[in-house]
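Below you'll find the structure, written out as structure tokens, and then a few comments.
Structure follows, in structure tokens:
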């Protein structure tokens, strides 16, 4: 069965507080970086999925995001996939 | 001064324990996903930097990663940048 390298980027929905991002945004000027704004911190998940085809892999990862990897109430996510050649 | 949208993906260096990834990898089979392997969880940081040019922006973000955003002893990071058109 072919393998696919899946990449998920999970970020806060607009309007949801991002305390880690806000903390970094406050810390950077203290280090001399006064030219930085709109800091957002999210989560990235990489995984390898065996599936019949890329569409199936993406559908399964979308389900995993809804059930475990992300919280759809406060987070959005973007899935990208790469086919891994089998040697 | 032009603005650049910078994206940093921070991941564990190879060989460094990734407990969050290991937990997800153990949890997925319990949800019925037995076709998943090599789960790695990292951090993603998006920020807007005002700089004279894209090279300067990347250099500054690289410094920020070393000083604040990542821990180079246990983490590696990849920086990507996009130029934001000024209206």
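Residue numbers (my numbering), protein chains in the order written: chain A, 502 to 588; chain B, 502 to 588. Beta carbons: idealized from backbone N, C-alpha and C, even for Gly. From a predicted model like this one, the values you see are computed outputs, not experimental measurements.
- Message: Give me the DSSP bridge partner(s) of residue 578 of chain A.
- Response: Note: residue 578 of chain A sits in a beta bridge opposite A:511.
- residue 552 of chain B: contacting residues in chain A (beta-carbon distance under 7 Å): Chain A residues near residue 552 of chain B: 536.
- Closest by CA to residue 541 of chain A, which one among A:510, A:580 and A:582? It is A:510 whose Cα lies nearest to the Cα of residue 541 of chain A.
- Query: When DSSP labels each residue in this structure, what does residue 526 of chain B get in the three-state scheme?
  - Reply: Residue 526 of chain B carries a helical assignment under DSSP once its states are collapsed to helix, strand and coil.
- Query: Leaving out five residues before and five after residue 547 of chain A in sequence, what residues of the same chain have Cβ atoms less than 6 Å from its Cβ?
  - Reply: Excluding sequence positions up to five before and after residue 547 of chain A, its CB lies within less than 6 Å of the CB of 508, all in the same chain and listed in chain order.
- For residue 588 of chain A, count neighbouring Cβ atoms within 10 angstroms of its own Cβ and tell me buried if that reaches 16, exposed if not. At residue 588 of chain A, the pLDDT of 48 sits below 50, so the modelled position is not reliable; the number obtained from the coordinates is stated separately. Residue 588 of chain A comes out exposed.
- Could you tell me how far apart the beta carbons of residue 549 of chain A and residue 585 of chain A are, in whole angstroms, since I believe they sit closer than 8 Å? Residue 549 of chain A to residue 585 of chain A, Cβ: 7 Å. Contact.
- Residues in the region 564–579 of chain A having any Cβ partner in chain B nearer than 9 Å: Within the region 564–579 of chain A, the residues whose Cβ lies closer than 9 Å to some Cβ of chain B are 564, 565, 568, 569 and 570, listed in chain order.
- Could you work out which residues of chain B lie near residue 543 of chain A, taking near to mean beta carbons separated by less than 9 Å? Contacts between residue 543 of chain A and chain B, judged by CB atoms closer than 9 Å, involve 544, 545, 546 and 547 in chain order.
- Item | Close Cβ partners of residue 573 of chain A (< 7 Å) along its chain, the five nearest in sequence each way excluded | For residue 573 of chain A, where only same-chain residues beyond five positions count, the Cβ hits under 7 Å are 567.
- Message: My assumption, with CB atoms under 8 Å, is that residue 551 of chain A sits in contact with residue 504 of chain A. Please give the rounded CB distance.
- Response: That pair is a contact at about 5 Å.
- Counting contacts by CB-CB distance shorter than 8 Å, is residue 528 of chain B in contact with chain A? So yes, residue 528 of chain B belongs to the interface.
- Message: Less than 7 Å between C-beta atoms, sequence neighbours within five positions excluded: which residues of the same chain meet that for residue 521 of chain A?
- Response: Within the same chain, residue 521 of chain A has close Cβ partners 542.
- Roughly how many angstroms lie between the CA atoms of residue 518 of chain B and residue 518 of chain A, to the nearest whole one? Whole-angstrom Cα-Cα distance: 29 Å.
- Item | Nearest-angstrom Cα separation, counted from residue 539 of chain B out to residue 571 of chain A | Residue 571 of chain A and residue 539 of chain B: Cα-Cα distance of roughly 18 Å.
- Three-state secondary structure (DSSP) at residue 569 of chain B? It is helical.
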